[in-house]
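See structure below.
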Amino acid sequence: MSSNRLFRFPKPAWFNNANGRTAGVYTAGALFSLGFYILIDIASWSHSALNGSDAHVTFVDWIPGICSALGMLVINSIDKSRLSADSFSYSGNGVAWKARLVLFLGFALLAGGLAGSVVVLVMKYVVTSVVLPTLWLGIGNVVANGLVMLSSAVLWVAQNMEDEYTYNLAL
Amino acid sequence: MAGIKTIIGLSFILAIGFLLVILSAALFKNYLTLLVVATYVIAPLPNWLCGRAANHDDFMESSGSGVVDFGRFLTGFFVVMGIALPALLYHSATIEGGAAAMSVVGGLLIYATIISFTLFFQEDQDF
Chain A
226 MSSNRLFRFP KPAWFNNANG RTAGVYTAGA LFSLGFYILI DIASWSHSAL NGSDAHVTFV
286 DWIPGICSAL GMLVINSIDK SRLSADSFSY SGNGVAWKAR LVLFLGFALL AGGLAGSVVV
346 LVMKYVVTSV VLPTLWLGIG NVVANGLVML SSAVLWVAQN MEDEYTYNLA L
Chain L
14 MAGIKTIIGL SFILAIGFLL VILSAALFKN YLTLLVVATY VIAPLPNWLC GRAANHDDFM
74 ESSGSGVVDF GRFLTGFFVV MGIALPALLY HSATIEGGAA AMSVVGGLLI YATIISFTLF
134 FQEDQDF
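Listed in order, the protein sequences are those of chains A and L.
Each residue of the first sequence is one higher than the one before, starting from 226 at the first, in my numbering.
Each residue of the second sequence is one higher than the one before, starting from 14 at the first, in my numbering.
Below, the structure is given as structure tokens:
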């Protein structure tokens, strides 16, 4: 297993133990929660008395967040071991192909959410020259979508960690 | 080890936590901070429920660990929610800064009590 490594540096040992996996999943939940509550924060701040300007959060501001969350759901509901399923003889036809297609859709939704939040920031707030206290409505959207993406990446790494761990256990 | 002193200490900490949260609500006549208590009380629940739902007998399939991971994900979500909710309410000027700080500290005390209670008395559930 270690002889057909690609890179010069070996993977650190803590990378594969069960505690790292658990911590990764908790961290992913925490990051997602942070992103979600930043979205709620910009919505509530927009309709509070502190927002003196005319710019408000409308449904358009929610669309990138919804896309990101859907993408994260799609990516993490795929069983990662199905990605290499075609190399096994007992799996059905085209399972890996379907898994890759659904995974691609998930990543497209995630990236689209992040890009969409930047679009909302630029088109709705920067172009109309909104100044800083209200500009947080756009910045927070980008930060929230970035956090959802980061959470998704952490969850992905943590789940792959778990697969390798059980693999080592089975050997 | 986990004797009567542990129980007394934990109940004291729990009472102080509840006191802080209730004070943060009652002093400022704004009862939104009580949501923190609800958050931290339901925070350990997904772990317990999903731990029961997971299939421990299966070694080859990793079907059970997905449910456990989902429970952990939800727990992480709720723990951060307990801090994020008062910060959010403070940021939109719905509650005062003192109320936010008191409810965060009280909520963390309540959650620490729940966690250390399960840590101390986990040995009894082993079979």
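Cβ atoms here follow ideal geometry from the backbone N, Cα and C, with glycine treated the same way.
From a predicted model like this one, the values you see are computed outputs, not experimental measurements.
Residue 277/A lies in the alpha helix (DSSP H); which residues open and close that run?
-> Taken as a continuous stretch (DSSP letters only), residue 277/A belongs to no alpha helix (DSSP H), as it is neither H nor E.
Skipping 5 residues on each side, what residues in its chain have a beta carbon closer than 6 Å to that of residue 96/L?
-> Once the five neighbours on either side are set aside, the close Cβ partners of residue 96/L are 117.
Between the segment 272–296 of chain A and chain L, which residues of the former have a C-beta closer than 7 Å to a C-beta of the latter?
-> So the close ones are 273, 274 and 275.
List the residues of chain L that residue 334/A touches, going by C-beta distances under 7 Å, in chain order.
-> Contact annotation for residue 334/A against chain L: no contact, minimum CB-CB distance about 18 Å [criterion: below 7 Å].
May I ask you to report which of helix, strand or coil DSSP gives residue 134/L?
-> The three-state secondary structure of residue 134/L, taken from DSSP, is coil.
Contact list for residue 89/L against chain A, beta-carbon separation under 9 Å | Contacts between residue 89/L and chain A, judged by CB atoms closer than 9 Å, involve 250, 251, 252, 253, 254, 255, 256, 257 and 258 in chain order.
Where does residue 232/A fall in DSSP's three states?
-> Residue state, collapsed to three classes: coil.
Do residue 253/A and residue 380/A come within 7 Å of each other at the CB atom, strictly closer than that value?
-> In contact: residue 380/A and residue 253/A (Cβ atoms closer than 7 Å).
Would residue 269/A count as contacting chain L if we go by Cβ distances under 7 Å?
-> So yes, residue 269/A belongs to the interface.
Option in 359/A, 345/A and 377/A with minimal Cα separation from residue 274/A = Distances from the alpha-carbon of residue 274/A to those of 359/A, 345/A and 377/A put 359/A closest.
Kindly list, in the order they appear in chain L, the residues whose Cβ is closer than 7 Å to that of residue 303/A.
-> Per Cβ cutoff of 7 Å: no residues; residue 303/A is ~11 Å from chain L at best.
Spatial neighbours of residue 288/A in its chain, beta-carbon cut-off 7 Å, leaving aside the 5 residues before and after = Residues of the same chain with a CB within less than 7 Å of the CB of residue 288/A, apart from the 5 flanking positions on each side, are 341 in chain order.
Residue 108/L beta carbon less than 7 Å from that of residue 57/L | Residue 57/L places its beta carbon 7 Å or farther from that of residue 108/L.
Are three or more beta carbon pairs between the segment 46–64 of chain L and the segment 81–98 of chain L nearer than 8 Å?
-> Yes, they touch.
Using only alpha-carbon positions, find the residue among 363/A, 326/A and 293/A that is nearest to residue 305/A.
-> Closest option to residue 305/A, Cα to Cα, is 326/A.
Where the alpha helix (DSSP H) containing residue 297/A begins and where it ends = Here the alpha helix (DSSP H) through residue 297/A covers 284–302.
Residue 100/L, DSSP secondary structure in three states = If DSSP states are grouped into helix, strand and coil, residue 100/L belongs with the helices.
For residue 384/A, the nearest candidate out of 250/A, 321/A, 355/A and 350/A (CA to CA) = Cα-wise, what sits closest to residue 384/A is 250/A.
Please check if any C-beta of chain A sits within less than 7 Å of the C-beta of residue 25/L.
-> No, its Cβ sits nowhere closer than 7 Å to a Cβ of chain A.
Report yes if the C-beta distance between residue 324/A and residue 300/A is below 7 Å; otherwise report no.
-> Against a cut-off of 7 Å, the Cβ pair of residue 300/A and residue 324/A comes out as no contact.
Coarse secondary structure for residue 325/A, derived from DSSP in three states = Residue state, collapsed to three classes: helix.
Just reading off the alpha helix (DSSP H) that residue 52/L is part of, what are its end residues?
-> For residue 52/L, the enclosing alpha helix (DSSP H) stretches over residues 48–55.
CB contact flag (residue 133/L, residue 19/L, <7 Å) | Taking 7 Å as the Cβ cut-off, residue 133/L and residue 19/L qualify as a contacting pair.
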